[in-house]
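Just so we're aligned: the sequence shown equals residues 1 to 534 in the working numbering.
For every residue, glycine included, the Cβ atom is placed at its ideal position computed from N, Cα and C.
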Amino acid sequence: MPASLPSPTDAPGLPSASAPPRRGRGPAALFLTAVVLGPALSLWHLHGQWVPDGAYAYGWIVPVMGVYLAKIRWDDRPAPSAPWNGVAALVVLLALLIIPARWLQEAAPERSICGWVHALSAVGISLSLIALAGGTAWVRWFSFPLAFLLTAVPWPHSIELLVTNTLMHSTAGATVEILCLIGVPAAQVGNLVHIETGVIDIDEACSGIRSLQAMVMLSLFLGELFRLVPPRRLGLMALGIALTLVANVIRTVVLSSIAVAHGMSAVDRSHDGAGVAVLIFSLSTTLCAAYLLRPKKAPAPTPPIPSPSALPFPLPFHLSAALVLWFVVAEIAVEAWYRVREPKWQGWSWSIQWPTQSKAFSLIDIPQRSLRLLSCDDAHGAAWLEPADGSDWSAYWIRWNPGNPQAESAKVHRPDVCLNSQGATMDRDLGTRLSTVGGLQIPFHGYTFRVGETVLYVFYCLYEEMPGAKSPATANPQFEATDMFQRAWEGRRHIGQQSLEIAVTGFRSEQAAREAFEAHLKTMMQVRPGAVSQ
1 MPASLPSPTD
11 APGLPSASAP
21 PRRGRGPAAL
31 FLTAVVLGPA
41 LSLWHLHGQW
51 VPDGAYAYGW
61 IVPVMGVYLA
71 KIRWDDRPAP
81 SAPWNGVAAL
91 VVLLALLIIP
101 ARWLQEAAPE
111 RSICGWVHAL
121 SAVGISLSLI
131 ALAGGTAWVR
141 WFSFPLAFLL
151 TAVPWPHSIE
161 LLVTNTLMHS
171 TAGATVEILC
181 LIGVPAAQVG
191 NLVHIETGVI
201 DIDEACSGIR
211 SLQAMVMLSL
221 FLGELFRLVP
231 PRRLGLMALG
241 IALTLVANVI
251 RTVVLSSIAV
261 AHGMSAVDRS
271 HDGAGVAVLI
281 FSLSTTLCAA
291 YLLRPKKAPA
301 PTPPIPSPSA
311 LPFPLPFHLS
321 AALVLWFVVA
331 EIAVEAWYRV
341 REPKWQGWSW
351 SIQWPTQSKA
361 FSLIDIPQRS
371 LRLLSCDDAH
381 GAAWLEPADG
391 SDWSAYWIRW
401 NPGNPQAESA
411 KVHRPDVCLN
421 SQGATMDRDL
431 GTRLSTVGGL
441 QIPFHGYTFR
451 VGETVLYVFY
461 CLYEEMPGAK
471 SPATANPQFE
481 ATDMFQRAWE
491 GRRHIGQQSL
501 EIAVTGFRSE
511 QAAREAFEAH
521 LKTMMQVRPG
531 AVSQ
């Protein structure tokens with residue numbers, strides 16, 4: 001054994017000379033399983049959010065990229081250094097976080113904090129095991145492939161919403177400025193671009209948030225693939241993000257020009273193709289830039305490093321075995337908890353019966369693009385007039401069936417977010433009041449908006465079905481406060497939820513609008529028998 005490396009007996013917590021360290025393919029395979037299993041389970045529990053039309057569709061390829069980066073790192077790995085002392089305590093602490101994180105994540109998959117705690121704990125355990133096998137040298141060498149997996153974890157909703165709204169408003173503003181410069185009359189109202197032939201809606205997909213998130217992931221991958229120095233990696237990411245944002249503005253300008261020349265129907269035909277073109281342009285340009293930034297000289301060949309079964313330090317066999325068992329026990333325990341306590345689905349508590357006899361009643365055709373963004377299972381809209389008072393009504397009723405992992409989108413697409421982006425200005429937040437229909441108390445949040453000189457009163461409810469709960473009523477809409485601890489304790493997961501948004505104009509006061517809303521709600525909403533006592 002080289003003099004520069006301590007013997008196994010010198011390392012605390014390692015087998016003594018009387019108990020030779022475990023070596024061979026078996027311990028190595030068990031060690032690798034312990035390193036990989038935690039991150040793999042974490043990503044598996046997140047995959048429901050990687051829907052084809054979602055912002056994280058690229059998440060499906062992140063594990064493949066991470067494995068490839070780990071493979072090329074393994075091929076030219078450095079010699080291991082002395083194992084870290086005291087890492088076992090950190091492993092135990094992180095392992096203890098796995099069960100509560102999974103317990104809460106199963107009840108509230110839309111809460112990003114659960115996914116982040118689980119993913120960070122799993123990655124931390126893997127790095128700790130690597131520290132016990134190869135010390136500082138290996139932790140530095142293999143940390144990036146493991147940390148790269150975190151790019152597939154959804155951003156916190158508050159951050160994502162802030163970035164999305166900023167991008168939508170900025171894209172609309174830049175589009176209007178460019179259209180005016182090239183002689184096309186245009187005006188910006190919120191996130192809308194008004195042109196002669198219609199209105200171009202800059203929604204989440206058009207804002208560039210999806211391309212931006214994918215570009216962050218790709219630039220990190222390319223920087224590691226070409227082994228760029230840190231300043232060049234940051235430069236590559238900045239270039240990729242800038243290309244994505246500029247290309248997206250060009251896309252909206254082109255679509256607006258098409259709408260002016262050929263009508264709004266031509267926009268729908270060109271929308272997806274323009275999006276693909278933007279993505280291809282941004283990715284290919286970033287790839288070329290990464291290739292040009294690569295080191296000019298090939299790295300010096302590293303001396304052959306022994307395989308894990310012949311390392312100078314013993315692998316943490318017992319700790320690896322305990323962790324593999326712990327991951328399995330955690331999965332079984334969480335699933336058993338919900339299987340035992342999960343209340344039986346009893347159907348929707350209420351439904352809507354449209355006032356088809358009202359004057360000028362008509363169903364609203366919800367665009368397919370909006371349905372993809374909502375990721376809902378059922379959606380209806382209607383508009384009508386009330387001749388008695390001349391009020392103008394519209395309503396949207398949307399459902400997410402139990403088990404739909406995209407139900408979280410309902411918490412983002414709500415009046416104070418969406419109507420502001422449509423050019424309406426929120427005047428007042430009226431707070432939450434309980435409306436009683438058929439003995440069932442349902443919370444509705446009220447708002448007043450101004451659209452030009454018109455005052456719009458909006459009443460919105462996001463209702464989570466709670467079979468087995470002590471009371472189906474709740475004091476707050478679920479987009480305001482979701483008690484994930486209460487959900488987990490009661491074993492409620494795969495929750496079905498539905499939203500109802502009613503907007504009305506033509507009233508002089510909030511009180512008059514609310515009284516009319518309550519009267520309409522009692523005739524429109526049909527409560528399922530037994531829903532109150534479920």
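- Taken in chain order, the complete beta strand (DSSP E) segments of 3 or more residues contained in the region 112 to 146 number zero; there are none.
- Contact between the region 244 to 262 and the region 223 to 231 is absent: fewer than 3 CB-CB pairs across the two stretches fall below 8 Å.
- Linking Ser391 to Glu510 through their CA atoms gives a straight-line distance of about 13 Å.
- For the 8 Å CB-CB criterion, Thr252 and Ile202 form a contact.
- Boundaries for Leu243: no beta strand (DSSP E) harbours it, while the alpha helix (DSSP H) harbouring it runs 230 to 262, taken from the DSSP string.
- In the DSSP assignment, Val193 falls within the unbroken beta strand (DSSP E) covering 192 to 195.
- Residue range 350 to 352 is occupied by the beta strand (DSSP E) that includes Ile352.
- Taking every protein chain shown into account, the CB of Glu335 has fewer than 16 other CB atoms within 10 angstroms, so this residue is exposed.
- About 17 Å separates the beta carbon of Leu212 from that of Ala290, a gap too long to meet the 8 Å contact definition.
- Here DSSP, grouped into helix, strand and coil, assigns Ala424 to coil.
- Judged by DSSP secondary structure, Met525 falls within the beta strand (DSSP E) whose first and last residues are 525 to 527.
- Counting along the chain, no alpha helix (DSSP H) covers Lys359; the unbroken beta strand (DSSP E) around it starts and ends at 359 to 363.
- Counting only the Cα atoms, Trp350 lies some 11 Å from Gly530.
- Taking each of Ala322, Gly263, Gly38 in turn and checking the Cα distance to Ser121, the smallest one comes out for Gly38.
- Here Glu453 is exposed: its Cβ has fewer than 16 other Cβ atoms, across all protein chains shown, within 10 Å.
- For Arg450, the uninterrupted beta strand (DSSP E) run begins and ends at 440 to 451, by DSSP.
- Apart from sequence neighbours up to five positions away, the residues of its chain that approach Leu293 with a beta-carbon distance below 8 Å are Phe226, Leu228, Arg232, Gly235, Leu236, ordered along the chain.
- Leu462 places its beta carbon 8 Å or farther from that of Ile352.
- By the criterion of a C-beta distance shorter than 8 Å, Thr505 is surrounded in its chain by Ser391, Asp392, Thr454, Val455, Leu456, Tyr457, once the five residues flanking it on both sides are discounted.
- Excluding its 5 nearest sequence neighbours in each direction, Val260 has C-beta neighbours in its own chain below 8 Å: Val184, Ile195, Glu196, Thr197, listed in chain order.
- With at least 16 other beta carbons inside 10 angstroms of its own, Pro27 counts as buried.
- For Val504, the beta-bridge partners assigned by DSSP are Trp393, Tyr457.
- By the Cβ rule, the region 316 to 331 counts as touching the region 96 to 109, because three or more pairs are nearer than 8 Å.
- Around the Cβ of Ala388, a 10 Å sphere holds fewer than 16 other Cβ atoms; the residue is exposed.
- Per DSSP, reduced to three states, the secondary structure at Ala29 is helical.
- Taking Arg339 as reference, the option from Arg492, Ile125, Ile280, Gly124 with the minimal CA-CA separation is Arg492.
- Membership of Glu386 in the beta strand (DSSP E) is indicated by the continuous run 378 to 386.
- Straight across, the Cα-Cα distance linking Ser143 with Ile442 is about 49 Å.
- Between the C-alpha atoms of Leu146 and Arg399 there is a straight-line separation of about 38 Å.
- Counting along the chain, Val189 sits inside the beta strand (DSSP E) bounded by residues 187 to 189.
- In the structure shown, the three-state DSSP call for Ile159 is helix.
- Excluding five sequence positions before and after Trp138, the CB atoms of its chain that fall closer than 8 Å to its own CB belong to Arg77, Pro78, Pro80, Ser81, Ile130, Ala131, given in chain order.
- Annotation: the continuous alpha helix (DSSP H) that includes Asp75 extends over 62 to 75.
- CA-to-CA, the gap between Gly496 and Pro355 works out to about 25 Å.
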